[in-house]
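Note sheet for the following structure.
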Amino acid sequence: MDLTLGGLALRQAVVAPSGPVAGLDLNLATDGHVWDGTPLEGLTALPGWTYSRTGTGWARRLDGTYVPFAAHEPRRTDMGLWSEPASTNLFARFAPSQAQLGGNANVTTVTEAATPPMAGLNWLALNNAGGAAYAYQPVTLAAATTYTMQMWVETPDGSPPVVGATSGTGDFCLLLGGAIVTGAAGMEALSGKVWRVWATAVTGGSPSVNSGVIRYAGQTTRALKFAGFQLEAGGLATSPMVSAGSAASRGGDLARLTDLVAMGEVTLAAEFAFHGGGSGVLANGRRVACLDDGTSANRVEIGNLDGALGGRVLTGGIEQARCVVAGTAVSGAAQGAALGSRTHDFRLARNGTLSDADMSGTAPAVLARLTLGAASDGTGQLGGCLKRLVLRPVAKPDTTLLSLSN
51 MDLTLGGLAL
61 RQAVVAPSGP
71 VAGLDLNLAT
81 DGHVWDGTPL
91 EGLTALPGWT
101 YSRTGTGWAR
111 RLDGTYVPFA
121 AHEPRRTDMG
131 LWSEPASTNL
141 FARFAPSQAQ
151 LGGNANVTTV
161 TEAATPPMAG
171 LNWLALNNAG
181 GAAYAYQPVT
191 LAAATTYTMQ
201 MWVETPDGSP
211 PVVGATSGTG
221 DFCLLLGGAI
231 VTGAAGMEAL
241 SGKVWRVWAT
251 AVTGGSPSVN
261 SGVIRYAGQT
271 TRALKFAGFQ
281 LEAGGLATSP
291 MVSAGSAASR
301 GGDLARLTDL
311 VAMGEVTLAA
321 EFAFHGGGSG
331 VLANGRRVAC
341 LDDGTSANRV
351 EIGNLDGALG
361 GRVLTGGIEQ
371 ARCVVAGTAV
381 SGAAQGAALG
391 SRTHDFRLAR
401 NGTLSDADMS
411 GTAPAVLARL
421 TLGAASDGTG
431 QLGGCLKRLV
441 LRPVAKPDTT
451 LLSLSN
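If you're matching positions, the sequence shown starts at 51 in the working numbering and goes up one per residue.
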C-alpha cells in the first residue's frame, strides 16, 4: 500500500469543479446582473432587453424622494425596477397654489416642506381654527365608479397624519365628488416629515365637481402642509403624474428579455413589493414576472392570485397548476416568491413557506421570453417595485425554493 504523501493524495475522492450556474440572476436595485455565470452591468446588457412606457414617469428612491424618467426610460432606482399600469391624474394640478384652486376657504400657499419628496412645488396650509378649511379642484366624475385619491401631507413632528372618516375625527378628510371618503386609508413615509396617504371610494349617483381635502372645525388644528393632489380611476394609487394645468397621463411599463435559450422545466423567483395598494387590489390582475413562449397560451408566472400570492402555469391556454400561499401582502412590504415548474411537479414558496404541491399537469415548453413586472400580454403590471429576479432552467427542490423565497 502506497502511504507516501503523493499516494495518499491520489486516493482522495476527486471533486469536480463547479461550473457557472445556468440562468439569470438580476439585481435590479444595484443594476448588477449575472447571466450563465457571467457578470453584466446595466439593463441594456441583458439578453434581448426591451422597455417601453409613454409619458414622463417618476419613481421613488430609498430616501423617500422621487426622481423623473423620460418616456421609454426604465424607472430603475435603488429600490429596484418600478412597473405600474397606465393611469391618469384627473386633477388639473398636482401642486396647486391657493389661487389655482377651485373652491377653497381658509387656505394659504406656504413654503415647501423641508427635504420634500420633490422640490419646487406649491404647498398649502389649511387653517380650520375658525371654521372649515378646504382645497378643491373641479373634476367631472362618473357615477357609481371607483376612484382612488392620494395626497402628500407634512406633519410638524413627522408622526403619521390621521385621515378622518367623519367630520369630527382625524386631522382632515378626503372629499371625492362632494362626499367624504370613509374607507381605510393607505399610507407610506416619504422624505423629511412627508407622508403619502391614499384612499379608495365609489362615487354616488350624482357626484359633484368638488374633490380634494377638507379640514372641519371639529378636527384637529395641528399645522399640516398639503401637496401631491392625485386622483385616478380604479383602486390603485400609483406614482406621481405631475399635472400643471390639465390632466396628466403615464403609460404602462413593459420590460422584457428575449434571446433566451428555450426552456421547459424552470424555476422562477422574485423579490418585490406592491405599492399603493396590497395584493387584494386588482386581486388577480398584477404580475411580478412571466416566462412564456411569446404567447399567452404557454406561460409560467408569479403574481397576486385571489388576493394572496401565488404562481400559475398554463399550457395550450389551459391552467395546469395554481400554487398559492394564503395571506394578503400589504402595500410596501417586501415579498419573496419562488415557483418550480415541471410536468407533474409544481410548487411555490413564499417568504419561507411552501404551498401545497400540485402533482398533475403538463409543463409548457419552449419558454424563451421573460416579462418583468407584467403579464405575457403586456398588461397586468405589478403596481410596485421589482428588486430581484432569478430564472433557472431546472425545477429546483423545495429547499432551494424556500431559500430563494427568503
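Built from N, CA and C at the ideal position, the CB exists for glycine as well.
Give me the DSSP bridge partner(s) of V244. E204
Helix, strand or coil, according to DSSP, for Q269 in the structure here? coil
Taking just the CA atoms, how far does A297 sit from R419? 35 Å
Same chain, Cβ closer than 7 Å to S293, five either side skipped, listed in chain order: N139, F141, A142, R143 and F144
Rounded Cβ spacing between S381 and H325 (contact assumed at less than 8 Å): 6 Å
Is V65 helix, strand or coil by DSSP? Residue placement at V65 is flagged as unreliable, the pLDDT there being 45, under the threshold of 50; a coordinate-derived value is accordingly withheld.
If you reduce the DSSP assignment to three classes, tell me which class A149 lands in. helix
Taking the continuous alpha helix (DSSP H) assigned at S453, which residues delimit it? D448 to S455
So R397 and C373 are supposed to be a Cβ contact under 8 Å. How far apart are they, rounded? 6 Å
Integer-rounded CB distance, given that G92 should sit under 8 Å from T308: So it is not a contact: roughly 17 Å between Cβ atoms.
Using only the alpha-carbon positions, how far apart do A249 and G314 sit? 42 Å
Can you tell me whether V94 is helix, strand or coil according to DSSP? Per the sequence shown, the amino acid found at residue 94 is Thr instead of Val. Looking at T94 - three-state DSSP - the assignment turns out to be helix.
Other residues of its chain near S346: CB distance less than 7 Å, five sequence neighbours each side excluded: S426 and D427
Just the Cα atoms here: how many angstroms apart are T127 and G180? 44 Å
Excluding five sequence neighbours on each side, which residues of the same chain lie with their C-beta closer than 7 Å to the C-beta of G153? Y184, Y186 and N260
Go ahead and pull the three-state DSSP assignment for V22. Because the chain here runs from 51 to 456, residue 22 falls outside it and cannot be looked at.
If you draw a straight line from the C-alpha of S133 to the C-alpha of V212, how long is it? 29 Å
C-alpha gap between K437 and A320, whole angstroms: 8 Å
Take A182 and list the residues in its own chain whose beta-carbon comes closer than 8 Å to its own, dropping the five residues that flank it on each side. A155, N156, I264, R265, Y266 and A267
Roughly how many whole angstroms lie between the Cα atoms of V64 and L131? Low confidence applies to V64: its pLDDT is 43, below 50, so where it sits in the model is not reliable, and the reading given next is rough at best. So the alpha carbons of these two residues sit roughly 43 Å apart.
Determine the DSSP secondary structure at M237, reduced to helix, strand or coil. strand
Just to confirm before moving on: does the CB-CB distance between T378 and S329 stay below 8 Å? yes
DSSP puts E282 in a beta bridge; with which residues? T198
Coarse secondary structure for D395, derived from DSSP in three states: strand
Is S256 helix, strand or coil by DSSP? coil
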